[in-house]
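Numbering (this note's numbering), first residue to last: 2 to 262.
Just so you know, even glycine gets a beta-carbon here, dropped at the ideal spot from N, CA and C.
Model, not experiment: these values are computed from the prediction.
Notes follow once the structure below has been shown.
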Amino acid sequence: MRHSLLRPSGPFLFLAIANSAAAQSFADFCPTGDEATQAAVVGYVTDPEAETIIPGATVAASWVQDNARQRIEVQTDIQGLYALCGLPQGAEVTLRALIGDRRGEAVPYTTAASLAQQDLFISLTGEPETREEVGSLAGGGSGGSGRAFSSEIIRADDLLDLPEMSVYDLLRRHQLLRFERVSGAGEVILLMAATSSARAGGMQSIQLRINERREPDAIGAIRDLSIDEIRRIEILTRTEASARYGGDGFVGAIAITTRNR
């Protein structure tokens, strides 16, 4: 589904155009940007099954620059149009549409032109898709069936070649972890080799700490956290977690350190 950006049907939130259908340029979309060094990509987010344009979705772009993951995101306007400004020229970028717990397909894109159109797609009618795109990394081992990591420590450098995804997507494919749904407790995280632990009548999830702050809603916290924000992830055994956190670590722990710490 392709939509022309040259015939707007209403006001755009991201366009610096005074209700005009004139030919659009980099400056129209990114009036404060530098066309000599930056690129922009614009487009619509649509549901291919319902054949409808989606307003209010988030569009994220991620890329590697100076050996570090970079990420920017914008929201589509009421017309379902997005404009990503500030991208580096000549870079390999990954684009993805997100809305709620639904994630569109990661789309590779090269910023060969200062301004170009790339429409994105995300389904609002089917089940949220399960991502199986995390590949094996050197020293990580494949583990079969989409299992990517096996080491107890994941560093930012280990994530450079991965597409944009949440930490939830990443850890679901870690060889040392398993995710289970428990009646009355929702989804919990357990060490693969550990025996399920019961406390207060329910299964006890391993502890999650982000920048040493304990997160009571572990699943929610990692769903909302992108791997672009990660500096280090540690998977701690029961012994290691107990030594570091005392009795709170009796079933193991995940310690995450973010870049903004």
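From the options, pick the residue whose C-alpha is nearest to that of residue i; which is it?
i	options	result
D275	A254, A28, I55, D102	Since the first residue of the chain shown is 2 and the last is 262, residue 275 is not available in this structure.
R72	D249, S167, A242	S167
F30	A117, R97, P49	A117
Tell me whether residue i sits in a helix, a strand or coil according to DSSP, three-state version.
i	result
N235	Residue 235 is actually Glu in this sequence, not Asn. It is a strand residue.
D225	coil
A61	strand
T53	strand
R245	helix
T33	coil
T126	coil
N112	In the sequence as presented, Asn is not what sits at residue 112; that position holds Thr. Three-state DSSP puts T112 in coil, outside helix and strand.
Would you mind sorting residue i into buried or exposed? The rule is 16 or more other CB atoms within 10 Å of its CB.
i	result
P109	exposed
M193	exposed
E1	The question about residue 1 has no answer here: the residues shown for the chain are numbered 2 through 262.
Looking at the unbroken beta strand (DSSP E) that takes in residue i, where does it start and where does it end?
i	result
F180	178-183
D48	39-48
A69	69-76
L209	208-211
Between residue i and residue j, how many whole angstroms is the CB-CB distance? I'm expecting something under 8 Å.
i	j	result
W64	E93	6 Å
G185	D120	That pair is no contact at about 43 Å.
T38	T47	The pair is not a contact, with the Cβ atoms about 31 Å apart (cut-off 8 Å).
I190	I207	5 Å
I223	L172	6 Å
E188	I220	5 Å
Determine the extent of the alpha helix (DSSP H) in which residue i is found, giving its start and end residues.
i	result
V252	V252 -> no alpha helix (DSSP H), and no H or E assigned at all.
L99	Premise fails: L99 lies in the beta strand (DSSP E), 93-100, not in any alpha helix (DSSP H).
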